[in-house]
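Enquirer: The structure follows.
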Amino acid sequence: MKELVEVIAKSLVDHPDEVVVTEKETEKAIVVELKVASEDMGKVIGKQGRIAKSIRTVVKAAATKDDKKVVVEILQ
Numbered sequence: 017m018k019e020l021v022e023v024i025a026k027s028l029v030d031h032p033d034e035v036v037v038t039e040k041e042t043e044k045a046i047v048v049e050l051k052v053a054s055e056d057m058g059k060v061i062g063k064q065g066r067i068a069k070s071i072r073t074v075v076k077a078a079a080t081k082d083d084k085k086v087v088v089e090i091l092q
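For the sequence shown, my numbering assigns the number 92 to the last residue and increments by one with no breaks.
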């Protein structure tokens with residue numbers, strides 16, 4: 017899941033070298049944290065959160081294949 021979020025985020029932003037993705041596993045779910053440059057935050061979130069929602073939908077679809085719950089958090 018980490019690689020999937022990283023590929024999607026790097027293709028959206030102007031500064032792909034500043035994209036940092038970390039993955040934490042909890043007892044209930046896998047938490048994927050995404051950090052981007054402050055200038056690129058709008059590109060990752062999109063108008064009214066549409067791009068962020070789309071990223072979460074794609075990751076959730078990939079996670080159902082493995083029967084896991086994945087939460088994507090976008091950090092500042």
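Note that beta-carbon positions come from the ideal geometry of N, C-alpha and C, so glycine has one too.
#1: For V75, which residues from the same chain have a beta carbon less than 8 Å from its beta carbon, with the 5 sequence-adjacent residues on both sides left out?
#2: Leaving aside the five residues before and after A68 along the sequence, list all residues of the same chain whose C-beta is less than 7 Å from its C-beta, in chain order.
#3: Do V29 and K51 count as a contact pair if the criterion is CB distance below 8 Å?
#4: Could you tell me if A25 is buried or exposed, where buried requires 16 or more neighbouring beta carbons within 10 angstroms of its beta carbon?
#5: Counting only beta-carbon separations shorter than 8 Å, does M17 have a partner in chain B?
Expert: Let me lay it out:
#1: Within the same chain, M17, L20, V21, V48, V86 and V88 come within 8 Å of V75 by CB-CB distance, once the 5 residues on both sides are set aside.
#2: Counting only Cβ-Cβ distances below 7 Å, and skipping sequence neighbours, we find V60, I61, G62 and I90.
#3: no
#4: buried
#5: The chain inventory of the structure shown lacks chain B, comprising one protein chain alone.
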